[in-house]
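Peer 1:
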Amino acid sequence: MACKDVDGLFKALHLSHCSDEWRLFIDSSKVSLKPVRLHNGNVLPSVPVAHAFGIKESGDSMKQLLQYIKYDTYKWNICADLKVIVLLLGLQLGYIKFLCFLCEWDIRVKAHHYVKRI
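Given below as structure tokens:
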């Protein structure tokens, strides 16, 4: 479920919709995507513009959702966690191969790791 007419939504809520005064917050989980408009000064209430439930968490679903709410028309600033940013940039999700920049052992190779047994 998403709002195609964001200007109409804001008009129905008796709020002014100036794109520079609002940012788009996107929260994702394994079962849903939730884009919400947040006021820059946090003076006005947040306005949910969509709730996509039961779709796969991927770059394609994120792209479809942004097209549906007409992101290209408004060019809102986006704030989100790193996982959503990775999806928006089209990067691959997954675990890291090397645990840290100092460790050159592949974390998937268990023979290199010391395990203390009690």
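Numbering-wise (my numbering), the sequence shown opens with residue 545 and increments by one. Heads up, the beta-carbon is just placed ideally off N, CA and C, and yes, glycines get one too.
1. Use the C-beta contact count for Val575: other C-beta atoms within 10 angstroms, 16 or more gives buried, fewer gives exposed.
2. Note down the Cα distance separating Lys578 from Asp551, rounded to an integer number of angstroms.
3. Mapping DSSP to helix, strand and coil, what is Phe642?
4. Helix, strand or coil: which one does DSSP assign to Lys574?
5. If we call anything under 8 Å between Cβ atoms a contact, is Ala546 one with Ala624?
Peer 2: So, from the listed chains and residues:
1. With fewer than 16 Cβ atoms within 10 Å of its Cβ, Val575 is classed as exposed.
2. Their Cα atoms are separated by approximately 18 Å.
3. Caution applies to Phe642, whose pLDDT of 48 falls short of 50 and renders its modelled position unreliable; the value that the coordinates give is listed next. Phe642 falls in the strand class under three-state DSSP.
4. Lys574 falls in the coil class under three-state DSSP.
5. Their beta carbons are not under 8 Å apart, which means Ala546 does not touch Ala624 by this criterion.
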